[in-house]
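Everything below concerns the one structure shown next.
Protein chains in written order, with our numbering: chain A, 1 to 854; chain B, 855 to 958.
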């Protein structure tokens with residue numbers, strides 16, 4: 001019998017001969033637009049390798065066969081196909097239809113027995129070859145077979161306990177030069193939303209997505225109606241080119257910036273992709289993971305397999321761990337391995353990184369918290385969720401803490417005292433130090449971070465210790481609690497909601513200066529009609545080039561460059577070394593300036609805050625009787641304002657240290673790319689520090705390096721799709737939220753009603769209109785300008801101390817933080833009422849049905 | 855006994871005096887902050903003077919010892935901290951639950 005079968009007849013040969021992937025594809029090819037092709041059955045695989053003396057085992061006796069070593073694999077690769085069989089392959093290839101009279105190119109893919117089952121998925125682990133021409137076809141078939149014994153596949157087989165002999169069929173299909181590719185999961189693979197279908201897409205071939213090279217666009221639709229629930233644009237910085245003009249050149253190409261931020265699918269395409277996936281599920285009778293591609297306006301089905309439910313049971317870490325809210329805000333996304341490895345080397349062992357996120361040691365925290373609390377209460381304290389104030393003091397622990405603080409005061413008190421009145425202007429000196437470090441080629445990234453965070457010498461100016469000063473600014477929290485107590489005790493008529501405006505109005509705060517300076521730059525743009533016009537472009541990433549040659553652009557460029565000089569090191573996810581900064585990619589700033597131009601200008605932020613501040617101070621003076629009491633209250637307010645600014649400003653310069661380290665890492669990456677030690681930009685962030693150091697010493701990558709990088713990329717992407725656990729090995733169950741009501745913590749009091757605007761990433765999705773309610777997963781200074789137009793802010797994570805709260809209080813807009821699941825519950829366009837004072841947000845549509853309104 | 859009490863009191867006063875002195879240097883480059891930094895010296899210096907007055911002129915050794923102790927602690931904490939942070943035994947570890955091992 002022939003060892004080759006047409007794809008649409010593959011199922012007739014049985015799964016043992018063609019593998020489940022080819023059999024399924026063959027069945028689907030009858031009803032759907034599947035690229036034409038043929039399948040080389042497993043008998044060919046067996047005959048080829050047995051002829052060359054390889055023990056392939058026997059499933060009937062449970063013998064898995066031999067695993068060839070590297071030397072044997074090299075020998076096998078050099079052996080040709082049997083002459084008769086090679087002729088059959090060439091014949092089958094010649095029967096494929098040609099396009100435009102040119103010889104077709106094809107894709108060579110695996111279809112191993114047991115490859116795509118409910119319990120396993122070898123997606124991307126067996127080799128796939130694109131744009132294979134007739135002359136290379138036989139060698140690629142052999143290469144595809146040999147990939148069954150790659151280190152990566154062997155590791156996966158042992159992980160899932162697959163002990164069957166290897167049998168692999170090979171699919172040879174016409175190449176689809178796709179403009180857009182993607183994967184559809186007919187059921188949410190993370191299991192978070194039962195009624196959801198997830199579609200991920202990227203530019204070019206789907207290999208970039210399957211290999212974890214790009215953060216794809218992600219669309220979440222209702223399974224039943226295909227209504228769009230959520231659209232999250234990915235960065236899509238790279239693509240596997242749809243056409244390889246240079247066959248030996250790199251497959252991975254940078255995506256033009258305007259395309260990075262453009263949705264890959266329009267509504268009609270999205271609907272077609274969803275319908276195709278639903279049809280596959282209906283025909284296969286189980287939730288499917290469907291690969292597809294769009295080329296020349298046609299939608300092709302490339303693969304459909306059951307959604308793999310088997311994931312290796314993670315090994316739980318030893319000990320009990322808990323997230324600490326002020327730190328959690330910085331780690332909403334898992335950090336990349338290199339970032340984790342560098343940062344963990346400058347942190348003492350108070351906690352532990354687990355899967356890219358930082359956790360505190362729960363048992364240590366139990367010893368340090370001087371209260372009689374249960375495990376659940378302690379978790380809620382550390383997550384800043386507890387509003388109780390009647391905990392019983394544990395005096396023995398308290399005395400131990402006082403003793404420790406006394407020792408700390410003696411040993412580190414000088415910096416503690418100095419940070420009480422640090423002139424903020426001197427912090428700018430830290431920038432010079434960063435520049436000096438950056439210019440020093442002898443310092444690597446890790447040494448740079450160590451030196452920048454620890455200070456140059458014990459007698460250096462306080463401005464050289466922004467990290468330590470940032471920690472000492474937590475006095476803000478205690479002073480704030482003291483002020484609340486004081487006002488309750490001595491000014492009962494004072495509205496405590498007025499504490500927020502009372503403590504706002506800090507002119508020295510760099511985060512508010514950032515907004516004012518951006519506003520100033522937008523004003524310059526407003527005064528130049530030509531710049532206003534350019535700002536309306538859909539391709540804002542091309543703006544720098546346009547501005548460079550525009551005769552009227554000089555004032556705007558000067559203003560913008562001044563902004564970048566001060567704030568260019570900032571951006572989203574600033575602790576993450578892999579995240580680009582505004583200096584590298586200023587497009588989000590242009591989007592924010594366009595927002596300002598569209599929505600009009602208000603008074604500068606600092607002026608607005610000071611007006612509210614004066615009103616609150618007058619109310620305070622009225623509520624307090626006696627000069628001494630007023631003096632004490634005003635002293636507390638001044639101190640709170642100082643520490644609020646200290647916290648924001650020292651963070652600003654701590655992030656400058658991280659930006660400097662990123663610049664060092666990028667320089668190392670460039671060198672390794674030039675030496676061929678790395679294949680692709682960004683790969684470096686998926687190595688550990690020791691692996692990078694080893695590559696610098698010897699720029700010959702280990703054979704398993706690419707597989708390791710790919711595995712870590714995929715794991716990283718998967719982790720960012722799921723909510724991290726708040727605790728590890730601690731029995732904690734967060735309280736259930738009420739239906740129709742979102743509950744959180746008040747970070748800035750007030751009530752506002754408006755339309756929901758979900759923003760997942762200001763770098764890709766930064767448009768917000770006046771009166772909309774900004775709903776975000778977290779915020780950092782890169783989000784700040786979005787606050788300007790918002791009627792209120794609702795944040796999934798965060799606390800009173802977080803950036804969102806600080807800026808919202810300066811702006812005087814309601815802000816609700818720590819609202820669990822808000823990004824999943826709300827949808828763009830819904831009307832909600834945010835009553836931040838009560839810590840609640842109400843879905844108005846559900847209130848109309850009878851729910852209570854605030 | 856008086857010497858012991860004086861020493862215990864001198865330690866925090868020294869931290870405050872030293873810190874306030876340091877803060878003057880920190881503020882010196884900012885013209886607007888100088889006078890305020892100098893003013894903030896007054897209280898700790900007054901406390902220092904009161905302590906010296908209480909312990910007597912011959913008690914300078916106690917105050918000097920407190921001063922030296924704070925200085926040594928400050929320098930030692932900086933360098934010992936820098937040395938310690940390079941020791942892997944006290945660095946934070948990172949675990950990857952998917953890979954059954956520490957990343958590092």
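Don't be surprised by glycine CBs; every beta carbon is placed ideally from N, CA and C.
Would you grab the beta carbon distance between residue i and residue j for me? Rounded to a whole angstrom, and I think it's under 8 Å.
| i | j | result |
| --- | --- | --- |
| residue 870(A) | residue 264(A) | In this structure chain A extends from 1 to 854, so residue 870(A) is not present and cannot be described. |
| residue 39(A) | residue 111(A) | 7 Å |
| residue 647(A) | residue 476(A) | 6 Å |
| residue 418(A) | residue 460(A) | The Cβ separation is near 11 Å, so there is no contact. |
I'd like the list of long-range same chain contacts for residue i, defined as Cβ closer than 6 Å, with 5 residues on each side in sequence excluded.
| i | result |
| --- | --- |
| residue 587(A) | 540 and 541 |
| residue 676(A) | none |
Only counting the same chain, and skipping five residues up and downstream in sequence, which positions put a Cβ closer than 7 Å to that of residue i?
| i | result |
| --- | --- |
| residue 856(A) | Chain A is shown from 1 up to 854; residue 856(A) falls before or after that span and cannot be answered. |
| residue 365(A) | 322, 378 and 382 |
| residue 245(A) | Summary for residue 245(A): the model assigns pLDDT 47, below 50, so the residue's position carries little reliability; its value from the coordinates is reported in the next sentence. Closer than 7 Å at Cβ, skipping near neighbours: no residue. |
| residue 205(A) | 130, 178, 181, 240 and 242 |
| residue 373(A) | 381 and 391 |
Under 8 Å, Cβ to Cβ, is there at least one residue of chain B near residue i?
| i | result |
| --- | --- |
| residue 727(A) | no |
| residue 779(A) | no |
| residue 413(A) | yes |
| residue 409(A) | yes |
| residue 631(A) | no |
| residue 715(A) | yes |
| residue 670(A) | no |
| residue 667(A) | no |
| residue 352(A) | yes |
| residue 346(A) | yes |
Is there a Cβ of chain A sitting closer than 8 Å to that of residue i, yes or no?
| i | result |
| --- | --- |
| residue 862(B) | no |
| residue 873(B) | yes |
| residue 917(B) | no |
| residue 859(B) | no |
| residue 951(B) | yes |
| residue 867(B) | no |
| residue 870(B) | yes |
| residue 912(B) | no |
| residue 932(B) | yes |
| residue 921(B) | no |
| residue 889(B) | no |
| residue 881(B) | yes |
| residue 896(B) | no |
| residue 903(B) | no |
Reducing DSSP to helix, strand and coil, say where residue i ends up.
| i | result |
| --- | --- |
| residue 874(A) | Lying before the first or after the last residue shown, residue 874(A) is absent from chain A, which here runs from 1 to 854. |
| residue 513(A) | helix |
| residue 661(A) | helix |
| residue 302(A) | strand |
| residue 182(A) | strand |
| residue 727(A) | strand |
| residue 781(A) | helix |
| residue 394(A) | coil |
| residue 340(A) | helix |
| residue 620(A) | helix |
| residue 197(A) | strand |
| residue 928(B) | helix |
| residue 28(A) | helix |
| residue 904(B) | helix |
| residue 69(A) | coil |
Only counting the same chain, and skipping five residues up and downstream in sequence, which positions put a Cβ closer than 8 Å to that of residue i?
| i | result |
| --- | --- |
| residue 222(A) | 195, 196, 197 and 229 |
| residue 678(A) | 669, 672, 684, 695 and 701 |
Are the stretch 623-642 of chain A and the stretch 389-407 of chain A touching by the rule of at least three beta carbon pairs closer than 8 Å? No contact exists between the stretch 623-642 of chain A and the stretch 389-407 of chain A.
Assess contact between the stretch 677-689 of chain A and the stretch 545-553 of chain A, defined as three or more Cβ pairs (one per stretch) separated by less than 8 Å. Is contact present? no
Does the stretch 55-69 of chain A come close enough to the stretch 331-349 of chain A that 3 or more CB-CB pairs lie under 8 Å? no
Is the number of C-beta pairs between the stretch 564-581 of chain A and the stretch 329-339 of chain A that are closer than 8 Å three or more? Yes, they touch.
Using 8 Å as the threshold, is the stretch 18-31 of chain A in touch with the stretch 140-152 of chain A, meaning 3 or more CB pairs across them? Flag = no, the stretch 18-31 of chain A and the stretch 140-152 of chain A do not touch.
Taking 8 Å as the cut-off, does the stretch 704-723 of chain A touch the stretch 805-812 of chain A (at least 3 CB pairs, one atom from each stretch)? no
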